[in-house]
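Trainee: Numbering (UniProt numbering), first residue to last: 1 to 56. In this text, a Cβ means the ideal position worked out from N, Cα and C, and glycines have one as well. First, the structure itself, so that you have it in front of you.
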C-alpha cells in the first residue's frame, strides 16, 4: 500500500519486490476487498485515514 500511496504502478512495485505484476494485482485485489474499496485512489485514501499508511 505504501508504494501505491507514493504513486508507483503495479508493474513498478513488482520490479521493486522482484515478483510478477500479476502477484501484485492479486495482492491489491485482496487489500481492496479488505478495505471495501474499488480503486487505488479510494484504497489509499482509506488506508491513510485509518493510519495504515503514513503521509509522506
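Rounded C-beta distance between residue 31 and residue 1? I'm assuming under 8 Å.
Mentor: Here the question's residue 31 lines up with position 31 in the chain shown. Here the question's residue 1 lines up with position 1 in the chain shown. Yes, residue 31 and residue 1 are in contact; Cβ-Cβ is about 6 Å, under 8 Å.
Trainee: So, for residue 55: in the same chain, excluding its five sequence neighbours on each side, which residues have a beta-carbon less than 7 Å away from its beta-carbon?
Mentor: The residue given as residue 55 occupies position 55 in the chain shown. Around residue 55: 48.
Trainee: Given a cut-off of 8 Å on the beta-carbon distance, is the pair residue 4 and residue 44 in contact?
Mentor: Within the chain shown, residue 4 is the residue found at index 4, counting from 1. Within the chain shown, residue 44 is the residue found at index 44, counting from 1. Yes, Cβ-Cβ distance for residue 4 and residue 44 is below 8 Å.
Trainee: I'd like the list of long-range same chain contacts for residue 35, defined as Cβ closer than 7 Å, with 5 residues on each side in sequence excluded.
Mentor: Here residue 35 refers to the residue found at position 35 of the chain shown. Result list for residue 35: 43, 46, 47, in chain order.
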